[in-house]
Each structure stands twice: as C-alpha cells, then as structure tokens.
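Using the working numbering, the letters of the sequence shown correspond one by one to residues 782 to 1065.
Positions of the beta carbon are idealized from the N, C-alpha and C atoms, including for glycine.
What follows is one structure encoded as structure tokens, with my remarks underneath.
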Amino acid sequence: MEIIEKAPAKINLGLDVLYKREDGYHELEMVMVSVDLSDHLTFSSLEKDEIKIETENSFLPLDMRNHIYKAAIALKEKYHIQQGVHIYLDKKIPVAAGLAGGSSDAAATLRGLNKLWHLGISQEELVALGAEIGSDVPYCVCGNTAFVTGRGETLHFLPTVPQRWVVIVKPRLSVSTGSIFKELPLHSLEHSNVKGLVEAIHQGNFSEMVKNMGNSLEATTITKHPVVAQIKEKMLQFGADTALMSGSGPTVFALCEKYSRAQRIYNGLKGFCDEVYIVRTLNK
Ligand code: ATP
C-alpha cells in the first residue's frame, strides 16, 4: 500500500511577538494561511523496522536531523509501532525560507503514517504530538486559515480568507529563525495588530485585512538583509495589493486580487531572484 500526502507551505498574514517566556520560548500571535506551493510525501511499508527517507534534494539531511524522521520516530515511540517505512519526499518548498517547509513535511508524516499504520489517532492528538516536534507543526497538521498563539501550539480556526493570488519571492539567502529571535529588540518592538487582522478575517473584509497585516520580525531581518525591503518595494511598485515578509524571512509574498497584477510582479522580479512563484491561497 502507498499513501501520498500533500504538504503545503504557509505564509504569515500576521505575526507578533508579545514577550519572552520563562521557558525561553517567545509568546506569539500569528495568522497563518496555507498556499498551494507544496511538497509531496509518498509512504510505503518496509519489511525491516527502519525509517528510510529519499529525496532528489541533495541539501537536506536524511537522518534524525530531518523533520520527517523526527515525526516518524515520535509516532513510533509514542504508539509502540514496530514497522518500517520508506518515505519519498518530492521537495518543492524553498528550504529555510519562512514558509514552514520542514514543519509541513513533519505534519504530513504524522497524517500519512496515521493512515499507513491504521492508527486512528485523532487530529487533536496529532497536533499535540506535532508541538513536541516543532512550533509550526501543530498548525501544519490542520492547515487552512488559523489564529495561532502560544509558541505555536494553540490553534483557533478562522474563516477561509478571500482567495487571492500570492507571488512568493525567495532571495538567495537562508535565515536562521533562532538568530532573528535572539536579535529582536523586545522593548522597542513595533507590534503588529494581529487581533485587528483576526477581526477583519471574521468580517471577510479584505481591505481591513490588508491594513492590519504585519510582521514584527520584519525590521530585524531587514537590518541584516536589506534585500527583503527591496523586494517588498518592487512588489508594491508592480501593483501588489500588499507585500509582507513571511515568518522570520527571507521570503516575501505579495497578495493580488487580479492575476494580471500577479503576473506583472512575477515578471518584474524573475530577473532579480531565481525563486519566484505564483500560487493561490488554499481553500478548505
Ligand atoms: P519555519 O517557517 O517553520 O521556521 P522554515 O521555512 O524557515 O521553517 P525549513 O524549510 O523548515 O525552514 O528548514 C529549516 C531547517 O530545517 C533547514 O536548515 C533544513 O536543513 C532543516 N530540515 C530538516 N528537515 C527538513 C525538511 N524535511 N524540509 C526542509 N528543511 C528541513
């Protein structure tokens, strides 16, 4: 038997850092939306009790450092599974980009192995297990549009946002999320209005959504990598309804109602960066 799971990327329409907690994590408020830029994972049973990961992407570790491996081991240990699995990863989401590619692969692994091994684990339990693997994994288990709080483990589902074209641009550099959080000026941080954004999503009011979109990590990433600001500026010049950095960056996305605008942004930025995509926000 073979199980295929799609692992979509996410973008942050809102991200605010409230404070640093005593356990060292930051208390966050985020609005996440899935987009149809996806990895695909194929799961098949192995006779031998081992986890074997294969991919064409030569930059990814295939051992315990891979989020897919971590998810499979977590599931095997918690539910005492003594079966082997072969996992083929078709990687399309840019790595270390702020698009939660690794987290989405981990979440797809939890969903896929739940099916392959007929475990019957509830979504709630998968979310809890996901929180032990990484902060973005709980959201990725469910996807769609969500208001996410805590360090990523508390999910509140929101109505699906009005569907838009999304132009995703990843400059050729990797950003370590940890280093951005370390350099964050918590006392002088400019907070984004995530609650206002949530309200606008409930009302289905796209122009209010745009007004309240923001990312409190953006200024810190821009200080280190000014290209992020240049991409944003170009997107707005080419006619984006709005443009924002996703996660800790360096990926920037533009939202457009009209496909012609999205195409203009795509054409305008294709010469500037190698990795440019036009996708759609995902509906349920
Ligand atoms: P997030 O938005 O959740 O912080 P990200 O998009 O910034 O995630 P990832 O693409 O998840 O970053 O990659 C972060 C690190 O995780 C990379 O250094 C990469 O080597 C490692 N990694 C491990 N497994 C995977 C995987 N399956 N896919 C991508 N990266 C992985």
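Examine the ligand GTP and report whether any of its heavy atoms sits within less than 7 Å of the Cβ of residue i.
{"i": "V876", "result": "No copy of the ligand GTP appears in this structure; the ligands present are the ligand ATP."}
Report yes if the CB atom of residue i is closer than 8 Å to the CB atom of residue j, and no otherwise.
{"i": "M994", "j": "L799", "result": "no"}
{"i": "T958", "j": "G911", "result": "no"}
{"i": "I832", "j": "Y850", "result": "yes"}
{"i": "L843", "j": "L891", "result": "no"}
{"i": "I914", "j": "A981", "result": "no"}
{"i": "L870", "j": "I834", "result": "yes"}
{"i": "D1057", "j": "L1050", "result": "Reading the sequence as shown, one finds Val at residue 1057 and not Asp. Cβ distance < 8 Å, so V1057 and L1050 count as in contact."}
{"i": "L786", "j": "A927", "result": "The question names Leu, yet the displayed sequence has Glu at residue 786. Contact: no."}
{"i": "V918", "j": "A887", "result": "yes"}
{"i": "Q944", "j": "C923", "result": "no"}
{"i": "S825", "j": "Q864", "result": "no"}
{"i": "V866", "j": "L841", "result": "no"}
{"i": "V1008", "j": "E810", "result": "no"}
{"i": "P822", "j": "I862", "result": "A quick correction: the sequence has Leu, not Pro, at residue 822. Not closer than 8 Å, so no."}
{"i": "L965", "j": "L998", "result": "yes"}
{"i": "V956", "j": "T1002", "result": "yes"}
{"i": "H972", "j": "D797", "result": "yes"}
{"i": "H807", "j": "F962", "result": "yes"}
{"i": "V979", "j": "D1022", "result": "no"}
{"i": "K791", "j": "S916", "result": "no"}
{"i": "N925", "j": "T941", "result": "yes"}
Count the other CB atoms, across all protein chains shown, that sit within 10 Å of the CB of residue i; report buried if there are 16 or more and exposed otherwise.
{"i": "V929", "result": "buried"}
{"i": "M782", "result": "exposed"}
{"i": "L939", "result": "buried"}
{"i": "K829", "result": "exposed"}
{"i": "V876", "result": "exposed"}
{"i": "R846", "result": "exposed"}
{"i": "Q967", "result": "The question names Gln, but residue 967 in the sequence shown is Leu. Classification of L967: exposed, given that the 10 Å Cβ count is below 16."}
{"i": "P789", "result": "buried"}
{"i": "L954", "result": "exposed"}
{"i": "Y1040", "result": "exposed"}
{"i": "R1042", "result": "buried"}
{"i": "G1052", "result": "exposed"}
{"i": "K801", "result": "exposed"}
{"i": "N1064", "result": "exposed"}
{"i": "G805", "result": "exposed"}
{"i": "N838", "result": "exposed"}
{"i": "G985", "result": "exposed"}
{"i": "S969", "result": "exposed"}
{"i": "S988", "result": "exposed"}
{"i": "S960", "result": "exposed"}
{"i": "N996", "result": "buried"}
{"i": "N1048", "result": "exposed"}
Could you pull the start and end residues of the alpha helix (DSSP H) that residue i belongs to?
{"i": "A927", "result": "No alpha helix (DSSP H) contains A927, which is instead part of the beta strand (DSSP E) from 926-931."}
{"i": "G879", "result": "First-last for G879: undefined, no H or E at that position."}
{"i": "F987", "result": "987-993"}
{"i": "Y850", "result": "848-859"}
{"i": "G865", "result": "Element bounds for G865: not the alpha helix (DSSP H) but the beta strand (DSSP E), 865-871."}
{"i": "K963", "result": "958-963"}
{"i": "K1013", "result": "1008-1018"}
{"i": "E828", "result": "First-last for E828: undefined, no H or E at that position."}
{"i": "L907", "result": "904-914"}
{"i": "V942", "result": "Per DSSP, V942 belongs to no alpha helix (DSSP H) and is neither H nor E."}
{"i": "V919", "result": "At residue 919 the sequence reads Pro, which differs from the Val that was named. 918-923 is the extent of the alpha helix (DSSP H) around P919."}
Who pairs with residue i in a beta bridge, going by DSSP?
{"i": "M1026", "result": "V1033"}
{"i": "E808", "result": "Y800"}
{"i": "A788", "result": "D820"}
{"i": "N793", "result": "M813"}
{"i": "N895", "result": "Paired residue(s): none; N895 is not in a bridge."}
{"i": "L936", "result": "V929"}
{"i": "N996", "result": "L796"}
{"i": "T836", "result": "L870"}
{"i": "E783", "result": "S825"}
Please list the terminal residues of the continuous beta strand (DSSP E) segment that includes residue i.
{"i": "V1057", "result": "1056-1061"}
{"i": "I1046", "result": "Per DSSP, I1046 belongs to no beta strand (DSSP E); it is in the alpha helix (DSSP H), 1040-1051."}
{"i": "H983", "result": "Taken as a continuous stretch (DSSP letters only), H983 belongs to no beta strand (DSSP E), being part of the alpha helix (DSSP H) at 975-984."}
{"i": "V947", "result": "946-951"}
- Query: On the three-pair Cβ rule with 8 Å, is the region 1001-1019 touching the region 809-824?
  - Reply: no
- Item | contact_flag[the region 1024-1041, the region 949-967] where n(CB pairs < 8 Å) is 3 or more | yes
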